[in-house]
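Undergrad: In our numbering, the protein residues as written are 36 to 212.
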């Protein structure tokens with residue numbers, strides 16, 4: 036599987052910016068929902084730099100290993116020098132930080148919605164905001180591999196954010212187990 040299989044490809048590579056930096060904090064779900072954007076960025080830019088939680092580095096497999104991953108907490112001081120003449124994707128809407136980023140000499144700043152509350156699906160919304168085409172294959176790709184085996188009785192319970200509007204009560208999972 037290559038980036039060109041999912042809507043980007045060398046013919047669409049952006050020549051004006053050789054590097055894109057993606058800043059993605061948040062929980063595991065936020066990170067996973069961002070993987071299609073990271074993957075697509077590989078087909079559009081010479082270099083993809085991802086500032087995220089250090090533990091998420093282990094989740095990047097296959098072509099995603101080409102991403103330069105920097106620890107959001109421990110290596111943040113490198114952002115300013117890397118950002119010069121780069122594009123930057125962020126999910127932060129902190130006005131003080133956005134003002135600070137104006138001094139980074141960015142080619143372009145993309146501010147994406149961290150927690151959309153309406154359609155379309157968050158991943159599709161990210162692609163739309165970036166003005167990148169997204170294929171149906173991208174939306175169905177198993178970004179961390181596909182280990183599902185029909186007939187397997189294993190169930191995964193994701194703890195979620197704790198938000199009662201997004202998560203079923205634990206008792207529901209106990210009854211189904």
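The beta carbon of each residue, even a glycine, is placed where N, CA and C say it ideally should be.
Measure the Cβ-Cβ separation of residue 214 and residue 64 and say whether it is below 8 Å.
TA: Absent from the model: residue 214. The displayed extent of the chain is 36 to 212, so no value can be given.
Undergrad: May I ask you to check if the CB of residue 87 is nearer than 7 Å to at least one heavy atom of the ligand MN?
TA: You won't find the ligand MN in this model; it holds no ligand whatsoever.
Undergrad: Jot down the residue ranges of each uninterrupted beta strand (DSSP E) in the segment 88 to 123, minimum 3 residues, whole runs only, in chain order.
TA: If you keep only unbroken beta strand (DSSP E) runs of at least 3 residues inside the segment 88 to 123, you get 103 to 106.
Undergrad: Please report the distance separating the alpha-carbon of residue 146 from that of residue 211.
TA: Reading the chain shown from its first residue, position 111 is the one you call residue 146. Reading the chain shown from its first residue, position 176 is the one you call residue 211. Between residue 146 and residue 211, the C-alpha separation is close to 40 Å.
Undergrad: Among all the DSSP beta bridges, which residues are the ones paired with residue 133?
TA: What you label residue 133 is simply residue 98 of the chain shown in a count that begins at 1. DSSP, once it has assigned bridges, lists no residue as partnering residue 133.
Undergrad: By the 10 Å Cβ neighbour count, where 16 or more other Cβ atoms means buried, how is residue 118 classified, buried or exposed?
TA: Along the chain shown, read from residue 1 onward, the residue named residue 118 stands at position 83. Under this definition residue 118 is a buried residue.
Undergrad: Using only alpha-carbon positions, find the residue among 162, 138, 171 that is nearest to residue 73.
TA: Residue mapping note: residue 73 aligns to position 38 of the chain shown, counting from 1. Looking at the Cα atoms, 162 is the closest of the given residues.
Undergrad: Following the continuous beta strand (DSSP E) through residue 158, name the residue where it begins and the one where it ends.
TA: Within the chain shown, residue 158 is the residue found at index 123, counting from 1. Run containing residue 158: none in the beta strand (DSSP E); it sits in the alpha helix (DSSP H), 157 to 165.
Undergrad: Where does residue 103 land, buried or exposed, given buried means 16+ other C-beta within 10 angstroms?
TA: The count along the chain shown starts at 1 and reaches residue 103 at position 68. That one is exposed.
Undergrad: Taking only the alpha-carbon atoms, compute the straight-line gap between residue 70 and residue 59 and give it to the nearest angstrom.
TA: Here residue 70 refers to the residue found at position 35 of the chain shown. Here residue 59 refers to the residue found at position 24 of the chain shown. Spanning the two alpha carbons is a distance of roughly 10 Å.
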